[in-house]
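Here's the structure we're looking at; comments come further down.
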Amino acid sequence: MRWMTILLSALMTSATWGADLELQAQAASMTLGKALKTRLLKALEAGDVAGAVAVCREEAPALADAISRDLGLSVGRTSLRVRNPYNQPDAWEKAGLLSLQQRLTEGEDAAAIAHSEWVEKSPEEKEFRYLKPIVTEPLCLTCHGDPIAPDVAKVLGELYPEDQAIGYTPGELRGAFTVRISGAEP
Ligand code: HEC
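For the sequence shown, this note's numbering assigns the number 926 to the initial residue and increments by one for each residue that follows.
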């Protein structure tokens, strides 16, 4: 019986470990998403569009770094159509975003889905990767809709000459939180 106990406990540990990573990645995404939305709403309600742009431009990466440090992982944002080229998806993210977009088109609930996988980082090392969909809401249209008010368009045009992140409608996939956690595959 002893081998069975060992086997069972090994299985349970690996299952918990896998679920744990998914939960950690979800927590990082939610924390970043909530913090950004709170800061954005505050600036927009005060009519401070320049301040709201600064939330997305300066606070988003700073918050992402702080959360990454706190949780011991890496969280950021990406999209199939980026505003900041720094957020450009890599091949894995691009495939994941396309899959999430497809699932949303088929009627799945964005809040309930994520895309995750163990991916080879190098021949010796793997990492857990995770994408949580970010859906366009009415509040996003000030800067990601069409048309965009001329004063906002001017600020964005100067900062992001290669901006692709306009013309979105509510409900559409705007992008995803992207999380990487290094560790051994269960
Ligand atoms: C006040 C203008 C503004 C509003 C409102 C706004 N954004 Fe953005 N968004 C930006 C800017 C500026 C960037 C580029 C940030 C950077 O330089 O990293 C950006 C970047 C992003 C990115 C990262 C990928 C990319 O395109 O570079 C995502 C995802 C995103 N926004 C989603 C949203 C969502 C979802 C909402 C609504 C909840 C929203 N944004 C509302 C201005 C805005």
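Just so you know, even glycine gets a beta-carbon here, dropped at the ideal spot from N, CA and C.
Using three-state DSSP, classify residue i as helix, strand or coil.
i	result
residue 1056	strand
residue 1007	coil
Quick one, which of the options has its alpha-carbon nearest residue i's?
i	options	result
residue 1057	975, 1064 and 1037	1037
residue 1016	1046, 1031, 996 and 997	1046
residue 1094	1108, 1072 and 996	1072
residue 1105	985, 998 and 1062	998
residue 1004	992, 991, 1018 and 1109	1018
residue 962	1082, 1061, 1027 and 1024	1061
How long is the line joining the alpha carbons of residue i and residue j, rounded to whole angstroms?
i	j	result
residue 977	residue 1068	9 Å
residue 1059	residue 1049	32 Å
residue 1080	residue 1111	47 Å
residue 994	residue 957	13 Å
residue 1098	residue 1086	22 Å
residue 974	residue 1013	24 Å
residue 1077	residue 1108	43 Å
Can you tell me whether residue i sits near ligand 1, meaning its C-beta is under 8 Å from at least one heavy atom of the ligand?
i	result
residue 1028	no
residue 1094	no
residue 1100	yes
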